[in-house]
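**Student:**
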Amino acid sequence: MAFLRGRFGAAARAYGAALLDFPDLSPLLARLALVQPLAAWPDTSPLELAQRAWQMRPPTPETEAPLAALLAWLRWRSGDAAPPVEAECRECRPLLALFDGDFQTAWETFQADEELSGAALAALGQAKKLAQTGDLSAARVWLTQASAIWARENDAWGEALVHFQEARLHGTAAAAVSALEEARSLLRQAQPLLLAGELPAPDLEGDLLATGASWEQLYADVFCALYIFDLLTPLSPEVQCTGAAREPNVISIAQ
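Per the working numbering: the sequence shown = residues 49 to 303.
As structure tokens, then:
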């Protein structure tokens, strides 16, 4: 149950220990592949674990689509193109749109599913995409959308990501410094959440602008891992042991 409580280091240790007894159990392989990027589990490749989980899976649509989404996430975060997911999986669509850089579709589908953290991530991605084309006015509109969601969700980490991007958009050094100071303050609020998950604590004295991209990637990793965990719920060792039913996936990192 450690993963469900956001204790990623503890979850990785538990899955790793269980895997010694059940080395070819697809759900365990998938769980360890899911948590490894968050827990820096030693001597394992999450992509290799996910590929083994795929090879050992029962050949049903219920298992194939979530495992394909897991593989797509791991390839996306390593910079590779995400492979197509051929099995029907409605819940996979917003995540795959995010990986494809189709932020408008990701925004709309996450909103429709009431996945607000995902919608905010999509809005942030759209803002960055527009900024790269020079459309700073439109980029700021999307940043406002992301900021509004994360403020309502009381998600200090997410709000910090908006300020990182605002600092990149500002034309003056003074305005950029002000945005970074806001990000620093928000990351300080997020520290307990990071420490509880055994995630890296922010270096609040370092160059936040230089490290902002890494904090955005880590946030996206946590969101995607929690989202994919829910997709994998029918295969979950926790659910199989407790008989718990799958709940609708509404992922909030600020929990």
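Glycine included, every Cβ here is placed at the ideal spot set by N, Cα and C.
Between the segment 245-252 and the segment 146-154, do at least 3 Cβ pairs fall closer than 8 Å?
**Tutor:** As far as the Cβ criterion goes, the segment 245-252 does not touch the segment 146-154, which means the pair count is below three.
**Student:** So, under 8 Å CB-CB, L217 and A171 are touching, yes? Tell me the CB distance rounded to an integer number of Å.
**Tutor:** Not a contact, Cβ separation roughly 14 Å.
**Student:** Looking at L234 and E207, is the spacing between their C-beta atoms short of 9 Å?
**Tutor:** Closer than 9 Å, so yes.
**Student:** A273 lies in the alpha helix (DSSP H); which residues open and close that run?
**Tutor:** Counting along the chain, the alpha helix (DSSP H) containing A273 begins and ends at L256 to L279.
**Student:** Give me the residue from A258, E96, P75 and A154 with the minimum Cα distance to P106.
**Tutor:** Minimum Cα distance to P106 is reached at P75.
**Student:** Could you give the DSSP three-state label for L184: helix, strand or coil?
**Tutor:** If DSSP states are grouped into helix, strand and coil, L184 belongs with the helices.
**Student:** For L279, count the other beta carbons within 10 Å of its own beta carbon; 16 or more makes it buried, fewer makes it exposed. Which is it?
**Tutor:** L279 comes out buried.
**Student:** For R55, name the three-state secondary structure that DSSP assigns.
**Tutor:** Coil, per DSSP.
**Student:** Taking the runs of the alpha helix (DSSP H) that are 4 residues or longer, which of them lie wholly in the segment 115-200?
**Tutor:** Whole alpha helix (DSSP H) segments, 4+ residues: 141-148, 151-160, 164-180 and 184-200.
**Student:** Could you give the distance in angstroms between the alpha-carbon of Q174 and the alpha-carbon of A101?
**Tutor:** Cα to Cα, Q174 sits roughly 33 Å from A101.
**Student:** Spatial neighbours of V210 within its chain, please: CB distance less than 6 Å, with the 5 preceding and 5 following residues excluded, ordered by chain position.
**Tutor:** The answer, listed in chain order, is L191, A194 and S195.
**Student:** Go through its chain and collect everything with a Cβ distance to A154's Cβ below 6 Å, but skip five positions before and after it.
**Tutor:** Contacts found: P142, A145, L146 and A170.
**Student:** Output the distance between the C-alpha atoms of L347 and A60, rounded to the nearest integer angstrom.
**Tutor:** Since the first residue of the chain shown is 49 and the last is 303, residue 347 is not available in this structure.
**Student:** Could you say which of D128, L256, F70 and R123 lies nearest to M104 if we only look at CA atoms?
**Tutor:** Comparing Cα-Cα distances from M104 to each of D128, L256, F70 and R123, the minimum goes to F70.
**Student:** Is I299 buried or exposed, if buried means 16 or more other CB atoms sit within 10 Å of its CB?
**Tutor:** Its pLDDT being 49, under 50, I299 is placed unreliably in this model, and the value from its coordinates should be taken loosely. Buried.
**Student:** The alpha helix (DSSP H) that contains P240, what's its start and end?
**Tutor:** Unbroken alpha helix (DSSP H) run through P240: A221 to A244.
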